Amino acid sequence: MRGINFDIAHLLAGSLVLVSFMQLYQDRLTALVRVFALHALVLALSVAWQAYVQGAPHLYLTAGIALVFKAIVIPVALHRIIVRLGIHREIDAAVGIGLTMLAGIGLVALSMVVMLRVVADADPLAREDLAFALSVVLLGLLMMVSRKNAVGQVVGFMSLENGLVLAATGAKGMPFVVEISVAFSILIAFIVIGIFLFRIRERFDTVDVGALDRFRGDRQ
Amino acid sequence: MNPTEVALIAVLAVPLFAAALLAFLPQYRLGARINVAAAFFSFLAAVTLLFARPVPGNYLFIDDLNNVFITLTTFVGFTTSIFSASYIAHELEIGRLTPINLRFYHAMYQMLMFSMNLALVANNIGLMWVAVEFATLTTVLMVGIYRTHEALEAAWKYFILGSVGIALALFGTILVYMAAQPVVGAGLESMVWTTLVERAANFDSGILNLAFIFLLLGYGTKVGLAPLHAWLPDAHAEGPTPISAVLSGLLLNVALYALLRFKILLAANPHALAPSPLMIVMGLVSLVFAAFMLYRRRDIKRFFAYSSIEHMGIVTFAFGIGGMIANFAGLLQMTMHSLTKSAIFFAVGHIAQVKGTQRLAEIRGLSASDPALAVAFGLAVVAIAGLPPFGLFKAEFLLATSTFASHPWLALIFGFGLLVAFGALMLRLQDVLFGKPSQSKGIATATLVPLYVHLTIVLIAGIYLPEPLVRWFNVVAKMLG
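Chains as they are written, first to last, in the numbering used here: chain R, 692 to 911; chain E, 867 to 1347.
See below:
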């Protein structure tokens, strides 16, 4: 039984790294957001599995947040923003895809080498989880630097954060995991609202409500 | 509940309730007064903690180290709230802020005080992380409050870089837990500072080392150490000036405090790497880099933001060198910098309002147009440049001499950085005070009292340090190793 538990956790954490790679080569924003939804879904499954294996019911809450908020609400909101701002056809990569993928492979190799060596005596489940989590974090960082659009950067940040949640749930019995995932959700909600305002500024030149007021004043 | 616990709770509860109250209070004048009152009561609560402290709990605690920080934070928070009251009245007059903005501003000010206080008194690495994250969020909102193109861009940059920083810090925090968990056992206990430091000797040193790298990068971003400082000048320049004062004077310290705690943790483990070389290198790089960058600034708030990077570099360097004298110098430098830099921002806020601009080129001849303001600004810049008889001179002198004794080559780099920064400060000071007077848009009506209170403390500290303070700082310096 111990074997299959470990294998499933391993499979899910590994899939998260794989989906991170899939995000790297999406050049359309809408596709990127869809892949991110998949990323969050895999995370939710992985967290739920950890909750089951560790017998820690509070982790189901974290899994629920990941599923509802990050796999559904945020992607829908981002999708709307993208369509509304008319940037759904935009190609959004500051660095070539081939180069990004190579860098990604390098980062994953790095995190495996560092992590597996450093935490050699730890519990194998936590150890592999942590190595995968560091890969997801580094790939998220890579995505943030290789995208020029704010939406792409935010998706990068969110997948980085998914890596952190994976690490936190992998650390057995860690307190505050739920609080931390809530704190992050608030942060992300702010970011998404932020992009909306920010992009509006780029398109309409200002989000200064005062300017709108003045405009209305002229009309009267 | 005994009185010390009440005081500890009050340090957190007062700003939290004040924030809730201010959010629903439409009159901004009353709001400004409540803001000052709440800041004053937090300060009182922090002062009572100096005399007696509660037993450490699983979430909150007070020891000699965070006592220094919490007193400083609540004090500068209080004086800044007085400055802020006169500053925002002017901003409202010229229409840069609306009454609704101000309601939001006051509520956020208290939220910021709450989250900084929480980060300082948290006895728990997870709780501390959440508090630092909230402090980041509130300051992002404050930086963007003017809603101009530049303000939004600064807020966005700060947001993204700050978020990456705190994300890395969280990974480090998780790793510390992983290191502690096999020794202390799963659960809350493995995140409690007092327990962690006691048992650190048995932790896996490899995990601790890796954790420290992430924590240094993560919290180091918030300290504003080069090359992770990119958010700092923008955030200082584009937000309201009271927020620049709080950012430079307090928030950078809070992040540094987090780093120091983890440094103590690593020092308690005999096999872990020594954090000192990393801190020395980052400190010196920040110092020298920021000193050179000072020469090319065109915006007065940006100029002093780089000066903050320089000083945080000095403080990090001091704690990196370690030992009783350097740690003592670092603590003194940090305290004096907080007081002096917030005083400078008080002066800069008034100057920018009088001249109607933040561009250095358009701020000239202040001694002719506003003599009182010019004297105050001049004194504050002389203090920050590290000239005697002010307190920063004493701290920098102590640090330089102790470094010369242990690492002469590093002392040379340190002295070079200080001199370069000194040149830039004097150059700009001369232009601002004695250049050909530029046009003024009004006269300063605001109070200079908080500024002179800060400068008086800095001056007294430069001449004479009271015995109990020296003893207290010595205890902390010993703790820091």
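Glycine included, every Cβ here is placed at the ideal spot set by N, Cα and C. Since this is a predicted model, take the numbers as computed values, not measurements.
- When DSSP assignments are scanned along the segment 750 to 796 of chain R, the uninterrupted stretches of alpha helix (DSSP H) that are 4 or more residues long and fall wholly within it turn out to be 765 to 775.
- Where residue 1294/E is concerned, the enclosing alpha helix (DSSP H) starts and stops at 1274 to 1300.
- The beta carbon of residue 1304/E sits closer than 7 Å to the beta carbons of 1221, 1228, 1229, 1230, 1231 from its chain, once the five residues preceding and following it are set aside; these are given in chain order.
- Sixteen is the threshold: since fewer than 16 other Cβ atoms of the shown chains lie within 10 Å of the Cβ of residue 749/R, the residue is exposed.
- At a cut-off of 8 Å between C-beta atoms, residue 776/R does not count as an interface residue with respect to chain E.
- For the set 1290/E, 1208/E, 1255/E, the Cα lying nearest the Cα of residue 946/E is the one of 1208/E.
- Within chain R, no residue has its beta carbon less than 8 Å from that of residue 977/E; the closest one is some 13 Å off.
- Close CB contacts of residue 770/R within its chain, under the 7 Å cut and outside five residues either way in sequence, are with 721, 724 (chain order).
- The residue from 892/E, 906/E, 910/E, 902/E with its alpha-carbon nearest to that of residue 872/E is 910/E.
- Given a length threshold of 4 residues, each whole run of the alpha helix (DSSP H) inside the segment 938 to 1005 of chain E is given here in chain order: 965 to 987.
- Apart from sequence neighbours up to five positions away, the residues of its chain that approach residue 927/E with a beta-carbon distance below 6 Å are 989, ordered along the chain.
- The beta-bridge partner set that DSSP reports for residue 926/E consists of 988/E.
- Residue 1058/E carries a strand assignment under DSSP once its states are collapsed to helix, strand and coil.
- When the beta-carbon positions are compared, residue 1347/E and residue 1105/E stay at least 8 Å from each other.
- For residue 1085/E, the enclosing alpha helix (DSSP H) covers residues 1071 to 1089.
- By the Cβ test, the segment 825 to 842 of chain R is not in contact with the segment 860 to 872 of chain R, since fewer than three Cβ pairs between them sit closer than 8 Å.
- Chain E has no Cβ within less than 8 Å of the Cβ of residue 819/R.
- DSSP, reduced to helix, strand and coil, places residue 1127/E within a helical segment of the structure shown.
- The distance from the Cβ of residue 908/E to that of residue 881/E is about 6 Å, consistent with a contact at the 8 Å cut-off.
- Residue 1103/E is classed as buried because its beta carbon has at least 16 other beta carbons within 10 Å across all chains shown.
- Among the residues of the segment 1040 to 1060 of chain E, those with a Cβ less than 7 Å away from any Cβ of chain R are 1040, 1043, 1044, 1047, 1052, 1053, 1054, 1057, in the order of the chain.
- With fewer than 16 other CB atoms across the displayed protein chains lying within 10 angstroms of its CB, residue 797/R is exposed.
- Among the residues facing chain E, residue 718/R is not included, as its CB has no counterpart in that chain under 8 Å away.
- Counting C-beta pairs with one atom in each stretch, the segment 1235 to 1251 of chain E and the segment 1204 to 1219 of chain E have three or more that are closer than 8 Å, which means they touch.
- Chain R places a beta carbon closer than 8 Å to that of residue 1022/E, counting this residue as a contact.
- Listed along the chain, the chain E residues whose CB falls inside 8 Å of the CB of residue 832/R are 1030.
- The beta carbons of residue 1069/E and residue 983/E sit no closer together than 8 Å.
- Three or more beta-carbon pairs drawn from the segment 1170 to 1185 of chain E and the segment 1090 to 1103 of chain E are found closer than 8 Å, and the two stretches are therefore classed as touching.
- Here residue 1181/E is near residue 1200/E, since their CB atoms are less than 8 Å apart.
- Look at the beta carbons and you see the segment 1075 to 1095 of chain E not touching the segment 951 to 960 of chain E: under three pairs across the two are nearer than 8 Å.
- Under the three-state reduction of DSSP output, residue 1225/E falls in the strand class.
- Here residue 1337/E is exposed: its Cβ has fewer than 16 other Cβ atoms, across all protein chains shown, within 10 Å.
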